[in-house]
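Protein chains in written order, with the working numbering: chain A, 49 to 390; chain B, 49 to 390.
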């Protein structure tokens, strides 16, 4: 049997916790023999919920945590004060080396803050970026950073490019992934101060396949595999993807209900349409990794159901198998300046 | 007869120039008696093209300009060196008060740079923002700024909110338009340094209907009428709108061709679907104004056809009728600080 990947799972976080979270854990261990899930949360609640399922019992363990950090709580204060919350308990397991990874659908801010405060960054990593996969015409691209690190510096963006490339290649399986920096034009001299300063550093950075600027227009068609930007812009991209897609789909559905003729047509195209829209739904891609920490942290959507939770848990196996943390540490220790000097 | 609005039109700019540009001018004067178009470009070419149409001849005049600024030319250098280009000639007409407005589908950078260099900003205006209308579920919102003014300061964003509100209310006809600042969360303490500094200034600014932060996710559903952001973020929003919409529509069309059943359905839904997609196409909204200049400058899409050119020309009438430049001058002279001190 291959080595076990131990995943600490926040059983109390998310809109559908603990029901869907626990179901996701059960599905993951039913599918894979090489995963052990450590469920953090209220023991009596979790025990009862688990008793409804049949699964390989040695692969799920409950770690009691009596508190819950709510979605709307101020993140940093919550992480510091609720020491016995399901999020903090799970992070401590990673910190102590008792778990390899942590998955949560709970309070995003608490997961991001807790990751940096409790688990800590890999030596040499300046900031830990959140890097969701977004759907494109060619499959998916990694959008890095969408986290809470606003007002980034050029050196941060270079590390995002390095970490994103490693994740995309080894966890997602995209060989020699292309890297682009989000810009307002294709030319090197275009952009704001941050992009102009970062561009030559990315060009000089060894070990990544930097292809230059990418305009927002070209992201959905799959122009690059790793989309580098600072977190404010990344957040706008991620949310607007969702917003434009959602509004457009609503309008299309409404338009099909306007006449008897189009209503019949709608019935006929429905199955094909449904498959396409699912393809273009970011939530199909499991969770977003928070990269650069001593252990993997995966944030899944607050509205995650069992399926997304299961996908997110399984993602952790590749992360561990390919020693992503070690690869990141090796990459960031060679700064672009050192590369240039060689 | 009401007062004439004199529109200088760059007949040589855009993918379909001069044919579609001239056709657009003819359509505008056929529709409206209160418009005079001053076509700038090569006289012999324009004369020949115009001779194919019947129109009220006193309403179109040719102003000879022998040079053309190409789409790929460096904008500032082109505006400075090609003094007899169709863009520079048209801007000079506005500068000298011989035209009220300038419309171009040509080199964006040259139009933006030329507007600031040749026409000049209204007294008190710090930067001239480009403000396209973007489609939403409720109609359209004004996205301000999408121009070349990257690395904006808080005072710029306050003026964008003021100018955008005036344009939205008087030219587009939206009473007391709501204003939101693009942010990564709804709370006042969220955001990057620029947004955090700008937020209290917008709250204190009189004469605008500021409603707080708007997340990118909520822009397409029509959460606010005036979407304020700095130009880099604005450019990302505008281009991503186009990119996500385009990719999604392509995928939907392809999905409908996958089976005989869905092909028949596609035929039935086609008319309704076409109307909806047109509704959600930014190019239907005519050109984007470059606000804050001594005279209106309207940039239409490079791929504009006669219809968009005609719409853009007609937009200029409301701009003149409602004395937008005077209103902007009056608004920016009261800075938020003065308001607070009163």
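Heads up, the beta-carbon is just placed ideally off N, CA and C, and yes, glycines get one too.
For a cut-off of 8 Å, the C-beta gap from residue 84 of chain B to residue 115 of chain B is around 24 Å, too long to register as a contact. Residues 155 of the same chain have their beta carbon placed closer than 6 Å to that of residue 119 of chain B, with the five preceding and five following residues left out of the count.
Inclusion of residue 359 of chain A and residue 334 of chain A in the CB contact set at 7 Å is warranted, their separation being smaller than that value. Beta-bridge pairing by DSSP links residue 182 of chain B to B:189. At a cut-off of 7 Å between beta carbons, residue 304 of chain B contacts chain A. At least one CB atom of chain B sits nearer than 7 Å to the CB of residue 268 of chain A. Around residue 324 of chain A, the beta-carbon contacts reaching into chain B at under 7 Å are 299, 300, 303. At a cut-off of 7 Å between C-beta atoms, residue 178 of chain B does not count as an interface residue with respect to chain A. Shown here for residue 200 of chain B: same chain residues with a beta carbon closer than 6 Å to its own, the five before and five after excluded, namely 278 in chain order.
Using a Cβ-Cβ cut-off of 7 Å, residue 287 of chain B is close to 263, 264, 265 of chain A, given in chain order. According to DSSP, residue 273 of chain B shares a beta bridge with no other residue. Taking CB atoms only, residue 203 of chain B has no neighbour in chain A less than 7 Å away. A Cβ of chain B is located within less than 7 Å of the beta carbon of residue 312 of chain A.
Per DSSP, the unbroken alpha helix (DSSP H) holding residue 327 of chain A starts and ends at 308-327. Relative to the Cα of residue 364 of chain B, the nearest Cα in the group B:266, B:351, B:152, B:283 belongs to B:152. Under DSSP, residue 261 of chain B takes part in a beta bridge, and its partners are B:229. In the DSSP assignment, residue 303 of chain B is bridged to no other residue. Using a CB distance cut-off of 7 Å, residue 290 of chain A counts as an interface residue toward chain B. Contact between residue 256 of chain A and residue 210 of chain A holds, with the beta-carbon distance rounding to 6 Å and staying under 8 Å. In this structure, residue 212 of chain A sits away from residue 160 of chain A, with a CB-CB distance that is not shorter than 7 Å. Of the residues assessed, residue 248 of chain A falls on the exposed side of the cut-off, its CB having fewer than 16 other CB atoms within 10 angstroms. Of the candidates B:166, B:298, B:254, B:52, B:52 places its Cα closest to the Cα of residue 80 of chain B. Check the Cα spacing between residue 187 of chain A and each of A:202, A:222, A:142: the tightest is with A:222.
Contact between residue 57 of chain B and residue 361 of chain B holds, with the beta-carbon distance rounding to 7 Å and staying under 8 Å. Around the beta-carbon of residue 164 of chain B, 16 or more other beta-carbon atoms lie within 10 Å, marking it buried. The beta carbon of residue 101 of chain B sits closer than 7 Å to the beta carbons of 74 from its chain, once the five residues preceding and following it are set aside; these are given in chain order.
Here residue 314 of chain B has 304 as same chain residues with Cβ atoms under 6 Å from its own Cβ, once five neighbours each way along the sequence are excluded. Contact of residue 241 of chain A with chain B by beta-carbon distance below 8 Å involves 198, 199. Against residue 185 of chain B, the close residues of chain A are 295, 298, 299, in the order they occur along the chain (beta-carbon pairs closer than 8 Å).
Residue 298 of chain A sits in a helix when the DSSP states are folded into three classes.
Nearest CB-CB separation between residue 283 of chain A and chain B: below the 7 Å threshold. The way I'd put it, the segment 224-243 of chain A does touch the segment 266-273 of chain A; three or more beta-carbon pairs between them come closer than 8 Å. Along the length of the segment 140-179 of chain B, whole beta strand (DSSP E) runs at least 3 residues long occupy 149-152, reported in chain order. Residue 177 of chain B has its alpha-carbon roughly 44 Å from the corresponding atom of residue 128 of chain A. Counting of Cβ neighbours within 10 angstroms places residue 107 of chain A among the buried residues, the total reaching 16 or more. Counting along the chain, residue 205 of chain B sits inside the alpha helix (DSSP H) bounded by residues 202-218.
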